[in-house]
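The block underneath contains the structure these notes are about, expressed in structure tokens.
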Amino acid sequence: MDLGTIFDYTLIYSTIRASTPILFATLAAVITQQGDILNIGVEGIMLVSAFSAVLVSYLTSNWLLGIAVAMIVGVIMAMIMAVASIKYNADITAIGMAINMLALAVTKFGIKQFLGTTGSFTDPKIAGIPRLHFGFLEKYKYLNGIFNNWSLMEVIGILMVLALTFVLYHTVWGLRLRSVGRLPMAAETAGINVKSIKYQIMAISGLLGGLAGAHLSIGYSKMFIENMTNGRGFMGVAAMFFGGANPVLAWIGSLLFGLIDSIGGRLQAYGWPSQFVLMLPYIITILVLSVSLWRSAKRRERMKSSLLQK
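Residue numbers (the numbering used here): 241 to 550.
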């Protein structure tokens, strides 16, 4: 096994490519966590949005319409969760799990009912999200391998990280959101409509989850496979915990998952057992969640002890 062919310069782009669907899921989890809402339903939102994007793209041969419908579907699903949790005080974790299970059933039914097949669907009529090609980079081997032929959504994903960071930490709305997440009663006393803010972040989370699904089915690939999210929504939640709900740090977490996925694919080419390769992202997810939750528990203990000392 030649390590040079596994850890070469093309691994950089492979990591970004593999991490982008997870990144959108991560950002969907980040914005709700800032408002003290744990959105584990992003897995289900991604899956139904991925199916919607493929279906619309196939029927209309228009990738933009596919993305638009995927985002609308994502918002609808997120708002169902929001109403159940915020208005009727249902447990958000239970709702998220229900959404995930519902998504599996809905997409399984949809692929058979609307596309006349089972398991997977692909067709030349599916319009994929375009890639950005720069001819002048072809002269430079390394730059061409790293920066050429990016999907439009891969660029948008990075811009979303920067935009969300700015909104959260440099705008009045972001300050209100963080106050709602940390001290909701104080925020309410200060005149902030806590419920309105929570509905807003759930809607934004749905949009991001819709983008994640659309990119997965018509950007990352041009097909739909039953359960094609394959835990990426949960990986996004794990990356969010890894970064402490900070967009930039959470992005690093999603890149970690993308790196493991890319290395796993290359190891499989060298004859490593496929079962081990497929298992890698889930092992990392468990490790990341365990470490992140341990850090959170230690932080709460320090805060509690400092308050007692005062």
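We treat Cβ as the ideally placed atom computed from N, Cα and C, and that holds for glycine.
With contacts defined by Cβ atoms closer than 9 Å, P487 and V401 form a contacting pair. Taking the C-beta atoms as reference points, A293 is found nearer than 9 Å to I458. Residue burial is scored here from C-beta neighbours: V313 has at least 16 other C-beta atoms within 10 angstroms and is therefore classed as buried.
Less than 9 Å separates the beta-carbon of E466 from that of S360.
Distance from the Cα of R418 is smallest, within the candidate group M319, D331, G484 and L342, for G484. Taking all protein chains in view, the Cβ of H455 is crowded by 16 or more other Cβ atoms within 10 Å, so the residue is classified as buried.
Secondary structure of F247 (DSSP, three-state): coil.
Around the beta-carbon of P521, 16 or more other beta-carbon atoms lie within 10 Å, marking it buried.
Annotation for F474: the continuous alpha helix (DSSP H) segment containing it runs R472 to F482. The Cβ atoms of V315 and G493 do not sit closer than 9 Å to each other.
In the structure shown, the three-state DSSP call for S301 is coil.
In the structure shown, M463 falls within a strand segment according to DSSP collapsed to helix, strand and coil. Residues of the same chain with a CB within less than 7 Å of the CB of P261, apart from the 5 flanking positions on each side, are A452, H455, L456, Y460 and R472 in chain order. For M425, the number of other beta carbons within 10 angstroms of its own is below 16, and it is reported as exposed.
In the DSSP assignment, F354 falls within the alpha helix (DSSP H) that extends over I332 to L355.
Out of G498, D276 and K462, the CA that lies nearest to the CA of A479 is found in G498.
Here T362 carries a strand assignment [DSSP, helix/strand/coil]. Each residue's CA atom was taken as its position, placing I277 and I326 some 10 Å apart. DSSP places W390 within a strand segment (E or B) once states are collapsed to three. For L496, the secondary structure class from DSSP, reduced to helix, strand or coil, is helix. As far as DSSP is concerned, R506 takes part in no beta bridge. Distances from the alpha-carbon of L489 to those of I398, L448 and R506 put I398 closest. Relative to the Cα of A443, the nearest Cα in the group L527, V323, L415 and H410 belongs to V323.
The beta-bridge partner set that DSSP reports for L372 consists of W390. Taking a C-beta distance under 9 Å as the contact criterion, L287 and M468 qualify as a contact pair. Pairing Y249 with V531, the inter-Cα distance amounts to about 29 Å.
In summary, A318 is buried, with 16 or more beta-carbon neighbours lying within 10 Å of its beta-carbon over all protein chains present. In this structure, T362 lies away from K348, with their beta-carbon atoms at least 9 Å apart. A Cβ-Cβ distance of about 12 Å is found for the pair R422 and I432, leaving them out of contact under the 8 Å criterion.
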